[in-house]
Every structure is written in C-alpha cells, then in structure tokens.
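One structure is given here, and the rest of the page talks about it.
Number of protein chains: 2
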Amino acid sequence: MDAVQKANSGHPGMPMGMADVAFVLWTKFLKHNPKNPEWIDRDRFILSAGHGSMLIYSLLHLTGYDLSLEEIKNFRQMGSKTAGHPEYGVTPGVEMTTGPLGQGFATGVGMAMAEQFLAGKFNTESHKIVNHYTYAIVSDGDLMEGISHEAASLAGHLKLGKLIYLYDANSISIDGSTDLAFTEDPVKRFEAYNWHVQEIDGHNHAEIENAIQNAQKETSKPSIVICRTHIGFGSPNKQDSASSHGSPLGEEEIKLTKEIYGWDPERQFFIPEEALVVFRQEIAKGDAAEKSWNDVMGSFRKEHPEKAITFQNWMSGKLAVDIEKLLPVFEADAKGTATRGASGIVLNDLKDEIDNLFGGSADLEGSVKTNLKGEGRFGLDGATGRNVHYGVREHGMAAALNGMALHGGLIPFGGTFFVFTDYCRPSIRLAALMKTPSIFVMTHDSIGLGEDGPTHQPVEHLMSLRAMPNVLVIRPGDANEVAYAWKAAIEHKTGPTILVLTRQNIPTFERGEHNKPELTQKGAYILSDSGKSIPDAILIGTGSEVYLAMEAQKELKEKGIDVRVVSMPCWELFENQDSTYIEKVLPSSVKNRVAVEAGSTFGWERWVGSEGTAIGIDTFGESAPYQELYKHFGITTKKVVEVVLAQKF
Amino acid sequence: MDAVQKANSGHPGMPMGMADVAFVLWTKFLKHNPKNPEWIDRDRFILSAGHGSMLIYSLLHLTGYDLSLEEIKNFRQMGSKTAGHPEYGVTPGVEMTTGPLGQGFATGVGMAMAEQFLAGKFNTESHKIVNHYTYAIVSDGDLMEGISHEAASLAGHLKLGKLIYLYDANSISIDGSTDLAFTEDPVKRFEAYNWHVQEIDGHNHAEIENAIQNAQKETSKPSIVICRTHIGFGSPNKQDSASSHGSPLGEEEIKLTKEIYGWDPERQFFIPEEALVVFRQEIAKGDAAEKSWNDVMGSFRKEHPEKAITFQNWMSGKLAVDIEKLLPVFEADAKGTATRGASGIVLNDLKDEIDNLFGGSADLEGSVKTNLKGEGRFGLDGATGRNVHYGVREHGMAAALNGMALHGGLIPFGGTFFVFTDYCRPSIRLAALMKTPSIFVMTHDSIGLGEDGPTHQPVEHLMSLRAMPNVLVIRPGDANEVAYAWKAAIEHKTGPTILVLTRQNIPTFERGEHNKPELTQKGAYILSDSGKSIPDAILIGTGSEVYLAMEAQKELKEKGIDVRVVSMPCWELFENQDSTYIEKVLPSSVKNRVAVEAGSTFGWERWVGSEGTAIGIDTFGESAPYQELYKHFGITTKKVVEVVLAQKF
C-alpha cells in the first residue's frame, strides 16, 4: 500500500488479495535461495499478473533477496529495481518480465518443459539434480487471454506434473466485476485440458497449504488452484472493488487498513519484526537446500563425470564444440535449394554435437524442416524427445521458447510460417525485452510461397520486426548463408533471433576468399564486387532476391555498367559493425543504389538513401504460382536493371 | 479433388471430409440467395478452416453463385476467383477472408453480435427484418488457436444463440494425428464457455440435420456441433491420413476414389446432373426467401417509415448527418488535454446523431475513454447496449470488430493500449486485407504513459503498423486533430483505422485560417510556418511530439533560425495527396529536416531524407514518471533545437 501510494501509481489490490497465498507458498513450499537467485535447481516462481509487482517486490525484500527497503520506496522511479512491472535482469529473483497478460502463464509452461526434459536426461535413481517446480500466480486477465488457452492445452497434453498455478480468482478486473465479461467455468475448462483442478478459499492458510500439497502429489497433470480471494483484502472501503485494482488506495484508506491490522496508522513502510523473522528464515532454509543439492551434485560428478560436464556446459550456455567445424558446406548450384531445406540440413548436422538443441514446430514440421531426425517426440516418446509438437499454437510456442531459454540448459527453437510471427509477436517482443535467446525458424517468407495467397504471404513482416528493438532478423541469401545464420543465432545470447527462410528453391552461389559465407555474420558483405574501385552502382539484396541482384549484375555488365552486389542478410548485425566496414561495403559516394527484397519497401531508405530505389511489394500478395507473382509484382532482374539505368547519375 | 490436382497444390482432405455436413447445411438450412449474395438478411457462412477453400468454391458453384466451372478449373491461379484461401471481395458468396486459423471462428462472433444488436434495435413483433444465423465450419487448428478461446468465452458470455459452429473433428492435422498435440476434451471445454454442445457422426445426414435443428432451438447459447469425420472421405488409400490434408491426392488415387463413387474415373470436373439439380434448387429457394423478406420490409417501411430509413442508412453505410457539424471545437490551451480524453469527448458528441457507433474496450473502458455515456452495456443491459465489455481479449475484440464491419449496419470501434496492437495484429492484418473499416482506439501510445514501464510502452508499433499495407495509422497532435481523426476514421470505408492517442495531457494549439484542424485529413500540413518563403528548416512532429516542435520553433526563432513546423498525424493520408501538395508542405529544397516522434526512428528517412534526423527512441523504455523519461531518452525541445543547429547546411 505504502509503495503504491508513494509512487502515486500502481496496483495495490492484487498484492493485498494474494498475500495469504504468496505467504504460504513462499514460506512453506518455495525452494529457493535468496542469497543465490541463480541457483540452478530452484523452483521457478512467476508473477504472471505482473501489474501486482509490489507483491513480488515485497516477497523478495522480506525473504532476504538483494532488494532493499530503499528500492521498495523507489517503486516505479527511474533507475530503481522496482519497475512498474517486474523486469527480468533488473531485479534479482524475478524470473521473467511480466505485465502483458497471459505471457507469464505460457512462459511457465516452457520452464516446466525444460525441467522435465533435463530431469529425464540427467537424473539418476540417486541423483535428482533437476527436480523443481514451476509456480505462477495467474489472474482473471491471464485466463481471458487466448495464449493461456494454448499454453494450458499444451501443458495438459504434455502432462507437466510439476507445473503449479495459483489462480487469483478475485472476481474483479479493471472495468469492474468479472461478470461484465468473464463468466466461463474455470473448473470445467481446466479439466477439459486435463489439468488437476482445486478450488479453495485463498485466505485460508490451511486450505492453501493442503492444495499445494495435493498439487505436488499429482505428478502426471499440471495443477491449477482456484483461489477465491478478495482484491484489496483488508481495506475496509476498497476491498472487493475495482477501485483498489489500479490506483493507490489513498492515504486515509491506508490508515484505516493499518488500523484494522492493529498497526500504527502513521507509520509507513513498517515491517513488524515478528513477520520479518518468519520470512527471513528463507535465507537459512535456502542456503541449506542449495548445500544439500551441492552434495548431490558432488556425488553425481564423481559417479557420472561426463554427464556432469555436459550438464554444467548446458546450464552455463557454454558450447563444447566449435560450431563452425560442424557446419555443412553447400556446393555452388544454379538450381540450389530452399533455405528452409538448407536449415533442416544444418540443424541435423549440428544436433549430435550440440545435443541441447531442442526443436519443434506449430504443426508444420514437414514444411519448416525443424525435425531433428532420429530424435524422439517430446512428451510422447519419453521426456527426452527433442522434437516438440506444439500444435497450431504459435503464440504458445513462442512463449514456451522464452520459458526454456530463461530456464537455461537448452537451446530452444521453434518453427512456423513467417507470416505467423504476427501471432507470436507479444512473445517475441518479450524475448527482445528480456534479452532471451529464443530462436524462431520462420519459413515461407514472401510471395515466393505462391498459391496459398495473401493471407500466407508476408509483406510487412521483415520491416515490422526490424523495427523492434533487440531482435536479430536474419534472411539468408543462399544455403551457405543459412549455415552461418544458424551459427549467429546459436551464438547470440542477448536476444531472440528470427531466421527468415524461403519455401522455394534459390541458387547456391560460388564462394571464394573474397565472399566467404562467414561474412554472413557481419550482417552485410560484398558478395560480388564491381571491377571498378568505385562501383557504378550498388545492388543490395536479401534472401531469395540476392539472386536477382546477381543476375542483374551480369546483365548490367553487358551494358557496360559495372556494379557491386551486396548481400544483406541481417540489418542489425550490419548496424553493429564499425563505420569503416560499413563504409567499405556501402561507400557513401555511390548514390546509385537499388535494394531488392520481396517485402515492404518501407524503411529501405536507410540503405539506398533518398536517391536510391527499393524494389519490393507494398500491397498484399496474390494467389498464384510464385514465378508469376514475382513477375506480376515486378520483383525481377529486369526491373533491377531498369532502375539502375534509370537512376544513373 | 480435380481442382487441387490440376493446381498441383491445395487441400483436398477437408472438403471431402466435410462434404456431408456442408451438403446438409447448404441445402436444408442455409438462408441465402445465390443470385444476390449481398442480401442483408442472409445467413452468414464462414469457412474458418480456409485452407479447405475448395469446399466453399464447390458449394458456391453448385448452388448457383457467379462462380463458373472455369473458375474452379483455375483454382489458385493468377486473377482467378478461386484463390488458395477464400478471399473476401474476390469471390461472390465468400463472407470473409480466412486462412490464418482462428480468425474465422472469432470473426463470426462479431457477425452474430451485429445481428443480435440490429435485431434488438429494429425488429418488431410482426417484422423480423434482422433474423439470421451465423454458421461456420471450424477445424482442429481453429480450436487450438488462442483466439478461439477468447471468442468462444465471449460468445458464451454474450449468449449468442444464433451462432452455430460445425467443428470438423477429423483427428488429423498437418503433422499427423491430432493426438500428437491436441488431446483436450472439446465437450467439456465448450460447456465451460456456456455453449450448447453436441457430438455427431459427421457423415450421417440424419444426425447432421437433427443437430443443426437442435442448435437452432437453443436460443440462449451459441452452439458447437462436434462432427466426427474422416479427412479425405472416400479416398481408399488416403482417407484418415495426413497425406490428404495439404497435397493433391494424386491422379491414381483420384481415379480410385471416383470408382468407389461409381463415377467414370477418367472424367474430370464432372458434376452428376442429379446432384446439380438438388443444389441448384437453392436458386429458387433463395429467390423466394428474399422476396418474402422484401414483403416484410415493405410492411415495415409502411408502419415504421423512420426506422426503415435508419435501417437502410445503417446497412448501406450512409451517414445521415454531416460529421463536421457535430465535431467539438477545443479552445487553444497550453495545459491542454490527453488525446484519449479528447477522443472520448468527440465520441460522445457524435454518438447521438451517429447512433450506429458501436463501442467497447478490452477491460480498459476508463483508461481508453471509449464509453458512450448513457448507452447500455451490450448483452448485459439488453441487446441494444452500445458498450461492449470484451474482457482482456484484445485479439478476440479485434476479430469481432472485423465481423461487425463485415456484417454491416454498425460502425464498430474498440479500444485497448497501443502496445497491445501486438495481440491484435493478425486481425488487424485481415481487416487491412479485406478492406474492412474496423476502428481501433489505441491509447497510452508511447513512453508518455510513464510508470507502467517498457512492457506497456510502445516503441516500434507506429512503424510496424505503418509498414502494413492498407492501414490508416492516425496519431493526432492535439484535441482538434483528434476530432478530425475521428472524422477520417468514420469516413474511411476501405480498410481499418488505428487511432493512436496519448495518456498524458498535451497542449491544444491555436488555430486560424492557415492551420485549420480539418487539414488533419490530409495526413500532414503546415501547423506553423516560417516567415521565410524557403524555411531554414522543417520540423516534423506527430502526436504528443508536435508540441516539442512548436516550442523548438520559438527557441530557434530567438536564435535567428526561422523554421516551419509540420504536423504529420497520418503518413498514409499524406502519401495519398498529390505531389504538388506534398511538395508544398515539404519542399524538396529544404534538406535541414528534423522529425520528432516518441517511437522508433526506423523509417523516418522517408521524410527527413538522408541528410535529416529523426529524434525518437530505438530501445525499449523504462519505468518512471513520463517527464523524466522524455528527458532521459532525449526527446525534448532542447534536442530538436540542437539537431537543427548541428545540421545547419
């Protein structure tokens, strides 16, 4: 109450309503070490209803994490560790950034999947080195969001027995009573998903304790405990009212509430010693828990030294191999291959040595070529299958990838059609914000997919993802670029990577010393240079259109125009190069520039300048064989040649 | 089979598996007039599983719509009326574009909402002029998508008794058996949503007929009929197999299938006369049905002439009033108002005269100011409430808006925070593709929202939506621009409009003859000119940052620099102006240009050129009071002044 009041903004109602549940969970069940929030085998706790951030900040402070009372007093202020919504990487003990509803719910599923896989992979009869729960507090809003459906249905299907969600059923949302919009039956709904469902009084400690125990005992189903609570619990005038949801209670009401608890109404940020003592026992308990785990790890290390090293490498994100040596080399080939096909080959060349690559797709395994051959299906062929069938649940998949990446131990990737990044977008954004290395394999990346037509043809997607901070968008121009795109993706640890791949075949280019495919990692490079020190023009292509630029170069040469071709698979990597390299690839003196990319031309001004031209498509596509579409939309070699000639300076 | 084979791509399995259900629905129940697909009181039919497009094309051809056998033979070819997925506006009788799964499911809910509202508004005891069902064929994939949860939960809550969905439960998805990923219990799930649920053999005509009759009888709940079907029904070797899902059956298999039906295996595109006769009865039935409705309308017109005119205006999209006369005029005011607040005032000034404005929000009514005061809550205060409580279901809301816009009769708008356009994106894209005039009221449009922090602060959203074809993104710069933004939105009939509004107060500018607020409709205009015929520089602002440009203009004037300020609320409208106007506002000779917008600078090169500068934010935001954030990120008057001076040419 005090922190929200001091900030004069925030959400007091939920922290007050769920304080009882959180108290029981955090003091009687949660396995964690406040002095080492990074301890690998800790239980994961997610506050999916992130607007109630003061709840988790209170818990972290009370149980002895590195979050001082000063920080609590600086709630929602610049540079504090107590942002409006919990921020991963900012506050010790916060497992993920939450706020956009449903994301915590769905990300927890990924964490529990990682736990299940790692336990299956490493645990022995006497060494349960991976053995923890994933808890979340979820809200009415989480349950209304569609992603909660995808995630819950998937979790039930995968029988994630160590997933335990505590649902704050307080019957109040921002607009008022949930009856205004939300009258579904959560018991039936979650039973339909094959969850273990309990319904309790969320202010009765014995019921809470009993319910969590039951949830733990049910090992073959995820659990949801429907906690009937009172929002703003304890506030004499605002309890059970939407007015306690998203605004400070007001100084008078806070005093009245404190009086009810028998506290000094004038004292702010007061923590009764007898309460603190109970919470702070978590420090010793956590220390003992980690020590005990360390003992098991020690014994594990002795008995299974190789497995122990693997475990350690996986959990620390260290690659035990030189990826470059594993990458296939594709021979130059005019017919070439689809980059989605090349991606499948690369993945299967990597999978044995990088055995924590963990794949899957949203019901498009054959199309997006994510299958790790010979590996099982996760949850169906035992816990150690590395191919996940996510179903047609793109959003749920994206959040699950984030959850696995946050959990640690795995290199998670998942595939669907590029156009469906729209369905994944809130989770991609969260990965970017959290700096989570989720890998998205997005195929069928343009009108090049042909007959399926405009609903399936991405147009604006490249630009709209490039506009998002901290996302690597890589659209490789041939099979060898695909190999290094995968290397870049796996090595990129500070944010998500989106691999943008073709359905259709494209040529594999000749490679030599001057255009080695590892240059892919620079984001852009000279694929084929002009004979002149200052080229007559620069053609920039990405993905399937690099080939058009290469053909145009030949045709222009016949006309006496000697141009450079730059392949630009990744804007973000290129922008991170030093200015010398950027100037070398794109000398500012060359104004005759043409970019060609089968997508929106929006934004290409950055590279072609005011005087250059971007060839692309600024309308939706059409349903037809792809060769005809390229002609119809004027994304052709002929067009590139024409434009270069037309804008000859 | 033949069409998919000829195209050598497509999805034969679903059309074959659902042929029985579709036959019964289309010949025994569907109220439609093949010779007038626009008949207002027709039942709406949606093929949510749009990949099975050959099913609806077959039905349309067979029942006598303007879709020739030649078109069927041109399936998936350039310029045909038989695109890979059904396209609204391309094929007569196709009520919406489908393909991205879940969209049809959720859009149908909007259609049924429109029907319910209009019926409540216009029907009398003896004149049921609005009285039709919304049917959809939905698939496993639709049910896996999160949006189906949002839409189903909302539809159950709203008791949409005339919504009848036929679920093609064929147990096969692209990857194989649905058991791979999808094992939830649909009966329990839809009962949890308060739907009427039946389960039948989808090949038994009596059961199908009976189920649809039961569904019609249940008037207080939406209905789902779980039709257990065999994908690729009739194909001796591919029935019940994923191989029939997304690829042609193969010529041999087609012959074998035809033999089973006792048809000439060599004959392609053959329609037995006795089948055609049955289907073509729909022409006479449809004609009779519309005539009978016309009689009722005639009588309605006589007895309720004013209501009849209103009905006709609503359904034809004609406005009976001059919006301009209704718009409020906001006095110049340095303190000003939040543009979300101005939007709420405009809406309430319009609502009485434009009484088919139909609003709502995703549980943020108070924040996004969408409430139409004095109007009821739809579905709670009777059918004619004009404020919808969508719950925390942004995606479902967006699709519902599309459904209402497609249905006709209403001017639907819905609100949430701008950052949550990410959740709505697949539906916004579909609105753009279908040219559907859905209106999105998106507030809290930048770091200007302050303490809620980066999860709630849009950064890339303006650019990522501007990159989408056919979307009007309008970010008004003061209260008077808001008024004309609403005018533009309501008058825009060929695509969605997104109104991007502030949480925080911004000044209301002085207006005169030279900068009348109706210029908003031009997308960009000179808000405050330089005294010079060729300005020293041009400052371009949008939304809450126009004010910074105005302040900078003053400061620069003191330094002897005389600049022009251009307010640019809408790129798309501006790009549609003739080149003379564009050149007048942004003379190409003026290279010293600065744009200021509290969002990604990505793409601003289009207007500031290679030599200008965009001031914005290319990282995620922070949690703090907004004034501090503007300073922290350098989006200030001071910065604008500095940049103009630095790049003085």
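Residue numbers (this note's numbering), protein chains in the order written: chain A, 376 to 1024; chain B, 376 to 1024.
Beta carbons: idealized from backbone N, C-alpha and C, even for Gly.
Can you tell me whether residue 444 (chain B) is buried or exposed? The criterion is at least 16 other CB atoms within 10 Å of its CB, across all chains shown.
exposed
Would you mind telling me which residues of chain A sit closer than 7 angstroms to residue 770 (chain B), beta carbon to beta carbon, in chain order?
521
Tell me, which residues are paired with residue 571 (chain A) by DSSP?
A:598
Segment limits, alpha helix (DSSP H) that includes residue 882 (chain B):
Taken as a continuous stretch (DSSP letters only), residue 882 (chain B) belongs to no alpha helix (DSSP H), being part of the beta strand (DSSP E) at 880-883.
Any idea what DSSP makes of residue 736 (chain A), helix, strand or coil?
strand
Give, in chain order, every unbroken run of the alpha helix (DSSP H) that is at least 4 residues long and sits entirely within the segment 781-818 of chain B.
796-809
Cβ atoms of residue 428 (chain A) and residue 513 (chain A): under 8 angstroms apart, would you say?
no
Do we get a CB-CB distance below 8 angstroms when we pair residue 918 (chain B) with the residues of chain A?
no
Burial state of residue 390 (chain A), where buried means 16 or more other Cβ atoms lie within 10 Å:
buried
Which partner residues does residue 676 (chain B) have in the DSSP bridge list?
DSSP lists no partner for residue 676 (chain B).
Under 8 angstroms (Cβ pairs) to chain D, residues found in the segment 818-841 of chain B:
The chain labelled as chain D is not found among the protein chains of the depicted structure, namely A and B.
Would you mind telling me which residues of chain A sit closer than 7 angstroms to residue 563 (chain B), beta carbon to beta carbon, in chain order?
563, 566 and 567
Tell me the start and end of each unbroken alpha helix (DSSP H) in the segment 735-773 of chain B that is at least 4 residues and wholly inside, in chain order.
740-743
Count the C-beta pairs between the segment 906-922 of chain B and the segment 737-750 of chain B that are closer than 8 angstroms, then say yes if the count reaches three, no if not.
no
Quick check on residue 725 (chain B): does DSSP put it in helix, strand or coil?
helix
Closest to residue 645 (chain A) by CA distance: which of A:471, A:817, A:699 and A:436 is it?
A:436
Closer than 7 angstroms, Cβ to Cβ, to anything on chain B: give me those residues from the segment 533-559 of chain A, in chain order.
548, 549, 550, 555, 556, 557, 558 and 559
Contacts around residue 920 (chain B), its chain only, beta-carbon distance under 7 angstroms, and the 5 residues preceding and following it disregarded:
971, 972, 973 and 1010
Output the distance between the C-alpha atoms of residue 484 (chain B) and residue 935 (chain B), rounded to the nearest integer angstrom.
60 angstroms
Anticipated Cβ contact below 8 angstroms, residue 548 (chain A) with residue 828 (chain A), distance rounded
The Cβ separation is near 39 angstroms, so there is no contact.
Starting from residue 336 (chain A), find everything on chain B with Cβ-Cβ shorter than 7 angstroms and list it in chain order.
Because chain A is modelled from 376 through 1024, residue 336 (chain A) falls outside the range shown and cannot be assessed.
At which residue ranges does the segment 865-908 of chain B contain complete alpha helix (DSSP H) runs of 4 or more residues, listed in the order of the chain?
none
Using a C-beta to C-beta distance shorter than 7 angstroms, which residues of chain A count as neighbours of residue 476 (chain B)?
767
The segment 987-1002 of chain B: which residues have C-beta closer than 7 angstroms to a C-beta of chain A, in chain order?
993, 994, 995, 997, 998 and 999
Does the structure place the segment 379-393 of chain B close enough to the segment 619-628 of chain B that three or more beta carbon pairs sit under 8 angstroms?
yes
By the DSSP assignment, the beta strand (DSSP E) with residue 420 (chain B) in it spans what residues?
419-422
Does the segment 952-965 of chain B come within contact of the segment 813-831 of chain B, defined as at least 3 CB pairs closer than 8 angstroms?
no
Taking only beta-carbon positions, decide if residue 719 (chain B) is within less than 8 angstroms of chain A.
no
Can you check whether the CB of residue 939 (chain A) is closer than 8 angstroms to the CB of residue 905 (chain A)?
yes
Environment of residue 669 (chain A) [buried if 16+ CB atoms lie within 10 Å]
exposed
If the criterion is Cβ atoms closer than 8 angstroms, does the pair residue 322 (chain A) and residue 893 (chain A) meet it?
There is no way to answer for residue 322 (chain A), as the model of chain A reaches only from 376 to 1024.
Straight-line gap, residue 474 (chain B) to residue 844 (chain B) (C-alpha atoms, nearest Å)
18 angstroms
If we call anything under 8 angstroms between Cβ atoms a contact, is residue 529 (chain B) one with residue 765 (chain B)?
yes
Considering only residues of the same chain and omitting the five flanking positions on each side of residue 870 (chain B), which have a CB-CB separation below 8 angstroms?
806, 807, 810, 811, 812, 845, 846 and 847
When you compare the CB of residue 378 (chain A) with every CB in chain B, is at least one pair closer than 8 angstroms?
no
List the residues of chain B whose Cβ lies closer than 8 angstroms to the Cβ of residue 808 (chain A), in chain order.
829, 830 and 995
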